[in-house]
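Trainee: Structure provided below as structure tokens; questions to follow.
Numbering (this note's numbering), first residue to last: 603 to 1098.
Structure (structure tokens):
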């Protein structure tokens, strides 16, 4: 039994929205100086609980104690002053200000003359960074930082409020393995300093690597709170999704046909040089490699989003010209981008509008938008893909990550795309939705579609792909058949 003092005691928290009970009698304790994982599928209630704890939402029932006292928090600023901070997945920093300015934003140190005391501001920022063992220039503009460095600034900002509990919401979603190791090291330092971390992640391996305790939420209810040492991966996933996932990577065999797309000697001005590969009908081909190897740049060049300096494309054996996104769409190429929110969807529009947007002619009559056709089209793909939504009129910003990904896919299926490029398709998606996306990809392959899958998750590539190309420094460094797959083999091509 962990005898450390309880820093956060959540008692029967309940929160209801019109037609939805987001949280129902959630109760658990978090102990000082520990890492407490909070897991569950998208829509399980994790974000709602965080917002209740930080004053964004008011609970309909229940309460919570922080540091032994009942907390009455009505705004995030009140939560910060109390010692409870959040490092959000979408970082909230001012890009044009320096590291030091961001850490103490809105709270500058002042001289007796009521001017900003820049010397002390920089010194205090330096002190916070040093406490985490981080050598980062305090005058550097935040726009010049990596995502991992920006997270460090957010953590220092929380510590500047004397945070005793930091909630980290999907902190690893966009980090490389090396950056992730650095984050874990910082978390270890925070623990040594007595700071508590509530860690939210869909990545099971992270939970088992750093967490002491885990709380599972499902459909707004607390399913379990237990030491991580008392649960295994399969049991944890089963508790999260409410069913047994027999196969984490449900690979379905498909008949592999002729070459659908051949890329020859593809080069771009800044990175790519002499990229060559093929993908066949019915085949899922992986693109592996470290961050910066050129995988996304390859996808964008094929899709006409980035200009190429040389190279040829052949579709079904015939050379085609692709100089723009319009050209790519005309040749039935689709891109499901890495950043679906910025590049794949119009968040404030409905599922219906996002589904029809690639080819409005498909839902027009006599040059005018036919709302009935548009509605029928959206309903068709909601049913086909199993999109969880009460209506095709729902704004996509209100959907979970997995369901947003289905809407991105729906717009490409609506124009009968034959070659589909998936760039990090399961990033920020829970384990249940991941399995659904894998099945969708396999089903598309069984229908003869050619699929290119870019992923930083090597077990995912090994579990789903038929072949895999590895990229390094802007070119293909190796090719592996399914029988040759292993993380070691992929890494060898990626780094050597």
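Each residue gets a CB set at the ideal place from its N, CA and C atoms; glycine is no exception. It should be emphasised that the depicted structure is a prediction, and the values quoted were computed from it without experimental measurement.
#1: Which parts of the region 801-849 are runs of the alpha helix (DSSP H), unbroken and 4 residues or longer, counting only runs that do not cross its ends?
#2: Does chain D have any CB closer than 8 angstroms to the CB of residue 974?
#3: From the DSSP output, in three-state form, read off residue 691 for me.
#4: Going residue by residue through the region 925-994, where are the continuous beta strand (DSSP E) segments of at least 3 residues, counting only ones entirely within it?
#5: Assuming residue 820 contacts residue 642 (C-beta within less than 8 angstroms), just tell me the rounded distance between them.
#6: Using only the alpha-carbon positions, how far apart do residue 551 and residue 1005 sit?
#7: Using DSSP with H/G/I as helix, E/B as strand and the rest coil, what is residue 1005?
#8: Identify the continuous beta strand (DSSP E) that holds residue 724 and give its terminal residues.
#9: In chain order, what residues of the same chain lie with their CB nearer than 8 angstroms to the CB of residue 1045, ignoring the 5 residues before and after it?
#10: Give the range of the alpha helix (DSSP H) segment to which residue 787 is assigned.
#11: Compare the beta carbon distance of residue 1066 and residue 791 with 8 angstroms and say whether it is the shorter of the two.
#12: Less than 8 angstroms between the CB atoms is what I'm expecting for residue 797 and residue 637, so what's the real figure, rounded?
#13: Which residues in the same chain as residue 960 place their Cβ atom closer than 8 angstroms to its Cβ, once the five residues preceding and following it in sequence are excluded?
#14: Over what stretch of residues does the alpha helix (DSSP H) that includes residue 644 continue unbroken?
#15: Quick one: what does DSSP say residue 758 is sitting in, helix, strand or coil?
#16: Any contact between the region 1022-1032 and the region 983-993? By contact I mean 3 or more CB pairs, one from each, below 8 angstroms.
#17: Quick check on this structure: which residue in 839, 714, 978 and 969 has the alpha carbon closest to the alpha carbon of residue 957?
#18: Does DSSP classify residue 1010 as helix, strand or coil?
#19: Work out the CA separation of residue 1035 and residue 669 for me, nearest whole Å.
#20: CA-CA distance, residue 947 and residue 894?
#21: Starting from the C-beta of residue 1083, find all residues in its chain whose C-beta is less than 7 angstroms away, skip the five residues before and the five after it, and write them out in chain order.
#22: Using the three-state DSSP reduction, which class does residue 1095 fall into: helix, strand or coil?
#23: Run through the region 1032-1083 for me and flag every whole beta strand (DSSP E) of 3 or more residues, listed as ranges in chain order.
#24: Buried or exposed for residue 639, going by 16 or more other Cβ atoms inside 10 Å?
#25: In whole angstroms, what is the alpha-carbon distance linking residue 839 and residue 809?
#26: Among 718, 912, 920 and 905, which one has its Cα closest to the Cα of residue 927?
#27: Report the residue from 677, 1051 and 707 whose alpha carbon sits nearest the alpha carbon of residue 857.
#28: If you reduce the DSSP assignment to three classes, tell me which class residue 613 lands in.
#29: By a C-beta neighbour count over all protein chains shown, 10 Å radius and 16 as the cutoff for buried, is residue 1085 buried or exposed?
#30: Return the chain-ordered list of same chain residues with a C-beta closer than 8 angstroms to the C-beta of residue 1088, the five sequence neighbours on each side being excluded.
#31: Out of 1002, 833 and 970, which has the shortest C-alpha to C-alpha gap to residue 1029?
#32: According to the Cβ coordinates, are residue 663 and residue 616 closer than 8 angstroms?
#33: What does the alpha-carbon distance come out to for the pair residue 611 and residue 672?
#34: So, residue 882 versus residue 865, is the Cβ gap smaller than 8 angstroms?
#35: On the three-pair Cβ rule with 8 angstroms, is the region 752-766 touching the region 681-700?
#36: To the nearest angstrom, how far is the alpha carbon of residue 683 from that of residue 621?
Mentor: On the basis of the coordinates in this document:
#1: 806-812 and 835-843
#2: Absent here is chain D; the protein component of the structure consists of one chain.
#3: coil
#4: 935-938
#5: 6 angstroms
#6: Given a span of 603 to 1098 for the chain in the structure shown, any question on residue 551 remains unanswerable.
#7: helix
#8: Run containing residue 724: none in the beta strand (DSSP E); it sits in the alpha helix (DSSP H), 720-733.
#9: 854
#10: 779-794
#11: no
#12: At roughly 10 angstroms, the Cβ-Cβ gap does not stay under 8 angstroms, so residue 797 and residue 637 are not in contact.
#13: 931, 1013, 1014, 1016 and 1017
#14: Here residue 644 belongs to no alpha helix (DSSP H), and DSSP marks it neither H nor E.
#15: helix
#16: no
#17: 978
#18: helix
#19: 36 angstroms
#20: 24 angstroms
#21: 1069
#22: helix
#23: 1052-1056, 1069-1074 and 1077-1083
#24: buried
#25: 12 angstroms
#26: 905
#27: 1051
#28: strand
#29: exposed
#30: 1064
#31: 1002
#32: yes
#33: 9 angstroms
#34: no
#35: yes
#36: 34 angstroms
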